[in-house]
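Chains as they are written, first to last, in the numbering used here: chain A, 1 to 206; chain B, 1001 to 1206; chain C, 2001 to 2206; chain D, 3001 to 3206. Built from N, CA and C at the ideal position, the CB exists for glycine as well.
There are 4 protein chains.
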Amino acid sequence: MYSKTIQKLIKLFSKFPGVGPKTAARFVFYLTKQDKEELKELSKTISSLNTLKTCNFCFKLFEGEGNLCPICSNSLRDRSLLCVVAKETDLESIEKNKIYKGLYFILGGTVSTLKPKELKTLRIKELRERIKNPEKFGISGASFNEIILALNPTVEGEATILLLERKLKDLGLKITRLGRGLPIGGELEYADKETLKSAFERRTQQ
Amino acid sequence: MYSKTIQKLIKLFSKFPGVGPKTAARFVFYLTKQDKEELKELSKTISSLNTLKTCNFCFKLFEGEGNLCPICSNSLRDRSLLCVVAKETDLESIEKNKIYKGLYFILGGTVSTLKPKELKTLRIKELRERIKNPEKFGISGASFNEIILALNPTVEGEATILLLERKLKDLGLKITRLGRGLPIGGELEYADKETLKSAFERRTQQ
Amino acid sequence: MYSKTIQKLIKLFSKFPGVGPKTAARFVFYLTKQDKEELKELSKTISSLNTLKTCNFCFKLFEGEGNLCPICSNSLRDRSLLCVVAKETDLESIEKNKIYKGLYFILGGTVSTLKPKELKTLRIKELRERIKNPEKFGISGASFNEIILALNPTVEGEATILLLERKLKDLGLKITRLGRGLPIGGELEYADKETLKSAFERRTQQ
Amino acid sequence: MYSKTIQKLIKLFSKFPGVGPKTAARFVFYLTKQDKEELKELSKTISSLNTLKTCNFCFKLFEGEGNLCPICSNSLRDRSLLCVVAKETDLESIEKNKIYKGLYFILGGTVSTLKPKELKTLRIKELRERIKNPEKFGISGASFNEIILALNPTVEGEATILLLERKLKDLGLKITRLGRGLPIGGELEYADKETLKSAFERRTQQ
C-alpha cells in the first residue's frame, strides 16, 4: 500500500481528464524523483492559477496590466468579426493556426443537456451585452457585422448553435457557423452517413 | 513448412489489400475446414467475376440483360445530375446512404502522380462523350445541368478535381464538388489546420 | 447496389475470419481489377485444397507421395518427443522458429465447452493409438519418452490439458506442458494477476 | 497565446511521463475550473512529497513514526524471503495482487546502459548490506534463504539480473527469478520467438 500522501496525490491526479489510477501513480513517482526546486515550482505555479485575471470582454484567462487580454487589447485585430467558442482551448486551436484575425468570446460550455442549471452557466447574456455595446467592456471602435459561432458540429454544438441563433436574432447581425463536410484528407468511403449527406448538401462551385 | 498448395494460396491471399501472411494463413485454414461444396462455390464465384459486364454509360460492373446497369437504366433517377466518383466502392457508399438520386460516372482512379501513363487510365475522354451525348450511350432524355465531382479532399482528389475542371470547362456546365469542413460529430480541438481553415473559409449562414 | 455475383462473393469473403462486409468488398474489387489469369489461378488453387492429403500420423495437410507429411517422414527428427498442438497454424509457429526437433500431433481443436458432440471431434483416441504404436502409422523406430502438450494457457487450453493428462495417464509417459510466466520483453507492471502469480509460483534458479 | 502562468504549467505538465502539450493544456484548463480549495490541496500535497521518509530497509517511501515502512515493520511478513524490485510501482503491483508474503528491496532502477554513472544509482551495495545484516537496518529475526529477483524479462531486466547474480554469488544464498513463458490467457500463435522458445525450454510436468 502506498503512503497516505502518495495515495492522496494519486487520487487528486486521477481526477484529471483522461487519467486513471495507474497513470496517476506514474505521475506521482515521476514527481518523487524530482528535486525540491522542481516540486516547489510546480506547486507554486498551480497555486498562482488563483491569481489569473479574466478578460473583461472575451473571458479568456490572462495576466498583466489592465482588464483586457492581449487579443482584445490588440488594436490591429479586425473588430468587425466576433468568433464565439465554447472554451479557451478552442480559441487556442484557432489562434495557433493563424486562420482568423477578429475578436473572440468564450461562451463557457455547450448545451449538453436541457438542465436549466447548466444553461445558466453559459454566458449568453454577457455575449449579448458585448455585441450591443463593446465600448462598455473596453473595446473601442468595434462594430460587429458578423458573429461566427465556432462550435462543434456535434449534438451539443448544434443545440448550442440553435439556442444562440434564437437568442441573438433580434440584434439583426449576420450569424454564421463553420463549414461542415468532408475533412481535408478524409475519404468518402470512410465518411459516416451524416457527414456524406452534409457534403452533398453543401456542395460548392469552385 | 506448409504444403505447396497452402503456400501458394497464402501467397495469393497475401496480395489482397491489407492482408499479411498471418491473416492469409488464417484464411487458408478456414477454407481447409469447409466442405467441398463451399470451396466449389467460392472457386466458381471468383471465376465468374470474368463474366461481369461493364455498364456502357457509367462503367459500373453488372450482370443481366442489356448494356446498362440498374441505376443507369432506371428512368426514375434524376437525369439532370451526374456524379463523378473515383471507384465503384465510392458509388456504393453514396447509394447505400440514399443521399443522391442522379446518375453516376466511375472515373477509374485519381491522379496519384503526374505519370502520363497513369493519366491515360482515367476515363476523361469517356466522361466528356457521355456528358455531351448521353443518348449515344443508351441514356435517353438526359440533359445534365450539374456535374458533381465527388472526389476525396485529399492531395490526389484535389489534383483530379483541378484536372477535370480544366477538361470540362468548355462544356459550359455547372461543376460542383462536395462540401468540406468539420465532419459531423467532429471537434474543433482535434481538427487539423487545413480542415479548420477550410471550415472558417466555408462558413455559412444557417 | 452491387451486382449479384459481387454481392455473393462479398458474402462468401465475409465468412472469412475477421473479415467484415467492407473488407470483403475491398477484396472483391481488388479481384475485379486482376486479369483473367490471376483469377483463374486463385480459383484453381482454392479448388485444389480438396485434393490435399492428411498425414497418416500427425494429421497435417500435405501433398506428394506416400501417407506421411515431410516432418513425419523425416528420419532426422527426434522420434522420442511428441508435441501435441491444437491446430496446424500452431505447428507452423513452432516450426518457423526452429525451436523443436521432435514429431507433432494435431489434436484438431480444444475443449471449448463441455458439449459431448465437440469433444468427439478431438483426436484423443487417435493420439493414444499413435503413442502406443507409432509403427502401425508408418513411423518406424519411434519410442516416445515425452509428450509435450503445447496448448495455450487459456481456459480452453487448460481444460484440454487436464483432459489429455487424464486420458494419457495409463500410458506411463512423461507428460509436460509449456512454461508459463512473464513473456520475454514483458513488464511486471502490466502483467495481469494470474500471470504474475504464475511467475512467482514458477520462479527458477538460474 | 496562453497566458504566461498557463504556458509555464503546460510546460511543467508536459514533462510528466506520457503527457504531450495537448494533454497538458487539458490538465491546466481542468485546474482553472476547480475552486481555490482544490487547487490549494493539490499544491500542498505536491509540496508535501518533500516530507516523505524513505524506509531504512527497503527504500519504499512512507510517512509516520519510525524508520521502517509498514511492510518492513510488519512482524507477520515472512522474513526468510527477500524480493528485489526495480521500482516502487512494481512492489505495489505485487502487493495489490496479494501473491507474496515476504519482504522487499527497491533497487532504484535497472541497468539500462553500461554507463558507469547510472550503475552507481543502483542500490547494490545497500542490498548486500541488508541481506548480510538485516538487524542493523531494523529488521529483527530475519534470515533470508531466498532472494527473488523480480525484474522484467526485458533486455534491461536481464542485464540487471546477471549483474545481481554476480554481485550476490559470494553470499551463498538461493537466488531465483520469476518464471518466464506464455502469459496466462496468451496464445502460442501470437507469441514471439523468444517467448515461445522460453516456453519450450521451461516446459514442466504438471
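Hey, how far is the Cα of D:N3074 from the Cα of C:A2199? Mapped onto the fourth sequence, residue 3074 of chain D falls at position 74. Mapped onto the third sequence, residue 2199 of chain C falls at position 199. Cα-Cα distance, rounded: 25 Å.
Beta carbon of A:G179, beta carbon of B:G1102: below 8 Å? Along the first sequence, one-based indexing puts residue 179 of chain A at 179. Along the second sequence, one-based indexing puts residue 1102 of chain B at 102. No, Cβ-Cβ distance for A:G179 and B:G1102 is not below 8 Å.
Listed by chain order, chain C residues near B:G1066 by CB distance under 7 Å: Taking the second sequence and counting its residues from 1, one reaches residue 1066 of chain B at position 66. Near B:G1066 there are no residues of chain C at all, since even the closest Cβ is about 13 Å away, more than 7 Å.
Measuring alpha carbon to alpha carbon, tell me which of A:L162, A:L39, A:R203 ends up nearest B:A1150. Against the second sequence, residue 1150 of chain B aligns to sequence position 150. Among A:L162, A:L39, A:R203, the Cα nearest to that of B:A1150 belongs to A:R203.
Shortest alpha-carbon distance to B:K1197 belongs to which of A:K174, A:K22, A:K96? For the purposes of this step, residue 1197 of chain B is taken as the residue at position 197 of the second sequence. Checking every option, the nearest Cα to that of B:K1197 belongs to A:K96.
Below 8 Å, how does it come out for the stretch 2144-2158 of chain C and the stretch 2171-2178 of chain C: are there three or more Cβ pairs, yes or no? yes
Rounded to the nearest angstrom, what separates D:D3192 and B:T1023 at their Cα positions? Translated into positions along the fourth sequence, residue 3192 of chain D becomes position 192. Translated into positions along the second sequence, residue 1023 of chain B becomes position 23. Rounded to whole angstroms, D:D3192 to B:T1023 spans 16 Å at the Cα level.
Give me the Cα-Cα distance between C:V2155 and C:E2194, rounded to the nearest whole angstrom. Position 155 of the third sequence, counted from the first residue, corresponds to residue 2155 of chain C. Position 194 of the third sequence, counted from the first residue, corresponds to residue 2194 of chain C. Their backbone Cα atoms lie some 12 Å apart in a straight line.
Kindly say whether D:Y3030, judged by its beta-carbon, lies nearer than 8 Å to any beta-carbon of chain A. Here residue 3030 of chain D is taken as the residue at index 30 of the fourth sequence, counted from 1. Yes, contact with chain A.
For A:L61, count the other beta carbons within 10 Å of its own beta carbon; 16 or more makes it buried, fewer makes it exposed. Which is it? In the first sequence, residue 61 of chain A corresponds to position 61, counting from 1. Per the 10 Å Cβ criterion, buried.
Per DSSP, what are the beta-bridge partners of D:R3180 in this structure? Along the fourth sequence, read from residue 1 onward, the residue named residue 3180 of chain D stands at position 180. Its beta-bridge partners are C:L2182.
Count the other C-beta atoms from every protein chain shown that fall within 10 angstroms of the C-beta of D:T3051, then say buried if there are 16 or more, exposed otherwise. Your numbering for residue 3051 of chain D matches position 51 in the fourth sequence. It is exposed - the Cβ of D:T3051 has fewer than 16 other Cβ atoms within 10 Å.
Residues of chain C with CB under 9 Å from D:G3186, in chain order? Within the fourth sequence, the letter at position 186 stands for residue 3186 of chain D. Those are N2152, P2153, T2154, R2180, P2183, T2195, listed as they occur along chain C.
So with Cβ pairs under 8 Å, would you call C:E2221 a contact of chain D? This structure cannot speak to residue 2221 of chain C, because chain C is shown only from 2001 to 2206.
Beta-ladder partner(s) of C:K2132, from DSSP: Taking the third sequence and counting its residues from 1, the one referred to as residue 2132 of chain C is at position 132. DSSP, once it has assigned bridges, lists no residue as partnering C:K2132.
Helix, strand or coil for A:K169? Go by DSSP, reduced to three states. For the purposes of this step, residue 169 of chain A is identified with residue 169 of the first sequence, where counting begins at 1. A:K169: helix per DSSP, three-state reduction.
Do you know offhand how far D:A3142's Cα is from D:I3071's? Counting from 1 along the fourth sequence, the entry for residue 3142 of chain D is found at position 142. Counting from 1 along the fourth sequence, the entry for residue 3071 of chain D is found at position 71. Computed Cα separation, rounded: 13 Å.
C-alpha distance - C:R2123 paired with C:T2160, whole-angstrom precision: Within the third sequence, numbered from 1, the residue matching residue 2123 of chain C stands at position 123. Within the third sequence, numbered from 1, the residue matching residue 2160 of chain C stands at position 160. When rounded, the distance between both Cα atoms is 12 Å.
My understanding is that A:G181 touches B:G1181, with C-beta atoms under 8 Å, so please give their C-beta distance in whole angstroms. Taking the first sequence and counting its residues from 1, the one referred to as residue 181 of chain A is at position 181. Taking the second sequence and counting its residues from 1, the one referred to as residue 1181 of chain B is at position 181. 5 Å between Cβ atoms; contact.
Using the beta-carbon of each residue, which ones in chain A are nearer than 7 Å to B:E1189? The residue labelled residue 1189 of chain B in the question sits at position 189 within the second sequence. Correct list: T89, D90, S93.
Got a sec: is the Cβ-Cβ distance from A:I99 to anything in chain B below 8 Å? On the first sequence, residue 99 of chain A is found 99 positions in, with the first residue counted as 1. Closer than 8 Å to some Cβ of chain B, the Cβ of A:I99 qualifies, so yes.
May I ask which residues mark the beginning and end of the beta strand (DSSP E) holding D:Y3104? Start at 1 with the first residue of the fourth sequence, and residue 3104 of chain D comes out as number 104. Counting along the chain, the beta strand (DSSP E) containing D:Y3104 begins and ends at 3102-3106.
Closer than 9 Å, Cβ to any Cβ of chain A: which residues of the stretch 3049-3080 of chain D, in chain order? L3049, N3050, T3051, L3052, K3053, K3060, L3061, F3062, E3063, G3064, C3069, P3070, I3071
Do A:S47 and D:L3039 have their beta-carbon atoms positioned less than 8 Å apart in this structure? Your numbering for residue 3039 of chain D matches position 39 in the fourth sequence. Your numbering for residue 47 of chain A matches position 47 in the first sequence. Yes, Cβ-Cβ distance for D:L3039 and A:S47 is below 8 Å.
With A:C58 as the anchor, note down where its alpha helix (DSSP H) starts and where it stops. Taking the first residue of the first sequence as 1, we reach residue 58 of chain A at position 58. Note, A:C58: premise wrong, no alpha helix (DSSP H); not H, not E.
Let me know if B:E1063 comes out buried or exposed under the rule of 16 or more other beta-carbons within 10 Å of its beta-carbon. Translated into positions along the second sequence, residue 1063 of chain B becomes position 63. By the 10 Å Cβ count, B:E1063 comes out exposed.
Quick one: what's A:I147 bridged to in DSSP? Mapped onto the first sequence, residue 147 of chain A falls at position 147. DSSP output for A:I147 lists A:L82, A:I175 as bridge partner(s).
Determine whether the Cβ of B:P1017 lies closer than 8 Å to any Cβ atom of chain C. Within the second sequence, numbered from 1, the residue matching residue 1017 of chain B stands at position 17. Answer yes: the Cβ-Cβ gap between B:P1017 and chain C drops below 8 Å somewhere.
Expressed to the nearest angstrom, what Euclidean distance is found between the alpha-carbon atoms of C:I2006 and C:V2028? Taking the third sequence and counting its residues from 1, the one referred to as residue 2006 of chain C is at position 6. Taking the third sequence and counting its residues from 1, the one referred to as residue 2028 of chain C is at position 28. Taking the straight line joining both Cα atoms gives about 7 Å.
For the candidate residues D:Y3104, D:F3016, D:K3120, whose alpha-carbon lies nearest to that of D:I3131? What you label residue 3131 of chain D is simply residue 131 of the fourth sequence in a count that begins at 1. Comparing Cα positions, the closest option is D:Y3104.
Which same chain residues end up closer than 6 Å to C:L2049 when comparing Cβ atoms and leaving out the 5 residues on each side of it in sequence? Reading the third sequence from its first residue, position 49 is the one you call residue 2049 of chain C. Excluding residues within five positions, none has a Cβ falling inside 6 Å.
Using the Cβ count rule (16 or more neighbours within 10 Å means buried), how would you classify A:R79? In the first sequence, residue 79 of chain A corresponds to position 79, counting from 1. Buried, by the Cβ-count rule.
B:T1154 (DSSP reduced to helix, strand or coil): One-based indexing of the second sequence puts residue 1154 of chain B at position 154. Here B:T1154 sits in coil by DSSP.
Pull up the DSSP beta-bridge partners for B:Q1205, would you. For the purposes of this step, residue 1205 of chain B is taken as residue 205 along the second sequence, with counting starting at 1. B:Q1205 is bridged to A:T176.
Would you mind stating whether B:G1186 and A:P17 have Cβ atoms separated by less than 8 Å? Reading the second sequence from its first residue, position 186 is the one you call residue 1186 of chain B. Reading the first sequence from its first residue, position 17 is the one you call residue 17 of chain A. Their beta carbons are not under 8 Å apart, which means B:G1186 does not touch A:P17 by this criterion.
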